[in-house]
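**Student:** Numbering that gives the first Met the number 0 puts the sequence shown at residues 0 to 89.
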Amino acid sequence: MRRVVATLFASALLVATLAAPVFAQSFGGNSCVDNCEGHRAGYEWAEENDIQGEDDCSGNSSSFAEGCRTYVEDSGRGAEYDDVGNEIDE
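#1: Between which two residues does the alpha helix (DSSP H) carrying residue 86 extend?
#2: When you compare the region 23–31 with the region 44–56, are there three or more beta-carbon pairs, one atom per stretch, that lie closer than 8 angstroms?
#3: From 68, 34, 61, pick the residue whose C-alpha is nearest to that of residue 45; which is it?
#4: Return helix, strand or coil for residue 60, following the three-state DSSP convention.
#5: Can you say whether residue 86 is buried or exposed, counting buried as having 16 or more other CB atoms within 10 angstroms of its CB?
#6: From which residue to which residue does the alpha helix (DSSP H) around residue 45 run?
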């Protein structure tokens, strides 16, 4: 009986591990909640407004502010793709 329970537990653990995402999507080293749309919006806003300092990166969304700070840190990276090259939808 113990062997059956142990096998079922190991199987459930394996299924849970395989079902969990291996890598979370990120933008500028910051984790994205959904698909990095907020980060993209913050980056594009900072680019359009020629933001030069992180103190100018504020807003109602932490992802927007992180995207803005990413622009300040690396204005050449672009906003279209996450850190591993997946396209970010608008």
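In this text, a Cβ means the ideal position worked out from N, Cα and C, and glycines have one as well.
**Tutor:** Taking the structure as given:
#1: The residue you call residue 86 lines up with position 87 of the sequence shown. Counting along the chain, residue 86 falls outside any alpha helix (DSSP H), and DSSP gives it neither H nor E.
#2: No, because fewer than three Cβ pairs between the region 23–31 and the region 44–56 fall closer than 8 angstroms, the two stretches do not touch.
#3: Residue numbering aside, residue 45 sits at position 46 when the sequence shown is read from its first letter. 68 is the residue among 68, 34, 61 whose C-alpha sits nearest the C-alpha of residue 45.
#4: Taking the first residue of the sequence shown as 1, we reach residue 60 at position 61. DSSP places residue 60 in coil when its eight states are reduced to three.
#5: Along the sequence shown, one-based indexing puts residue 86 at 87. It is exposed - the Cβ of residue 86 has fewer than 16 other Cβ atoms within 10 Å.
#6: Position 46 of the sequence shown holds residue 45. 36–47 is the span of the alpha helix (DSSP H), which, as asked, contains residue 45.
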